[in-house]
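>
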Amino acid sequence: MKNFLIFIIGMFSGAVLTIAFVFFVGAVAASDSPEEDMTFFEQPKECLSYNDFEVMQTIGDNYALAYEQEMTNYTTIENEYVNTELLVLITNDNGETYYDNQLIKMPKGKCAKQVGLYKYNSKGGYGKTVPIVKIMD
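Quick note: to get our numbering, add 361 to the position in the sequence shown (first position is 1).
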């Protein structure tokens with residue numbers, strides 16, 4: 362009888378620990394959502410750029426950290442792009458997906474308007490804040 366009681370207590374303890382572990386893993390996974398670190402404005406601000414952007418890193422399904430690209434003409438044969446210091450988080454609502462090193466062309470008549478701020482920690486552990494932009498008229 363004593364061995365059976367020890368077995369039941371062990372089974373119960375194992376079940377409780379397993380459930381607690383699943384809740385902990387679920388809470389950590391939910392906190393990795395990029396939306397938690399975003400602040401959106403009520404109205405879009407001014408245009409930050411009319412230039413193209415190159416994706417540095419994708420974040421979630423609809424977001425990408427991207428550097429503004431400036432076209433330079435080093436030779437008469439080929440135009441080249443150069444990263445500026447402007448790093449933004451680009452968002453979209455049309456379901457388009459982004460990938461690393463993708464060049465996002467700015468359509469004529471549109472610009473990257475600031476719609477919010479994104480705070481994150483870089484790989485070096487430094488806190489960063491970048492504008493969230495959306496390509497708009």
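The beta-carbon is built from N, C-alpha and C at its ideal position, and this holds for glycine as well.
1. Among residues of its own chain, excluding the 5 on either side of A390, which ones have a beta-carbon nearer than 6 Å to its beta-carbon?
2. Tell me the rounded alpha-carbon separation between A473 and E396.
3. Which residues does DSSP list as the beta-bridge partners of E429?
4. Where N455 and F402 are concerned, what is the direct C-alpha to C-alpha distance, given to the nearest angstrom?
5. Hey, Y428 and L450: beta-carbon distance below 8 Å or not?
6. Using a Cβ-based criterion (distance less than 7 Å to any ligand heavy atom), does Y481 qualify as near the ligand NAP?
With the given structure in hand:
1. At A390 the pLDDT is 49, less than 50, meaning the model places this residue with poor confidence; the figure from the coordinates comes in the next sentence. Cβ within range, chain order: n/a, list empty.
2. Computed Cα separation, rounded: 19 Å.
3. F414
4. About 20 Å.
5. no
6. Here there are no bound small molecules, and the ligand NAP is not part of this structure.
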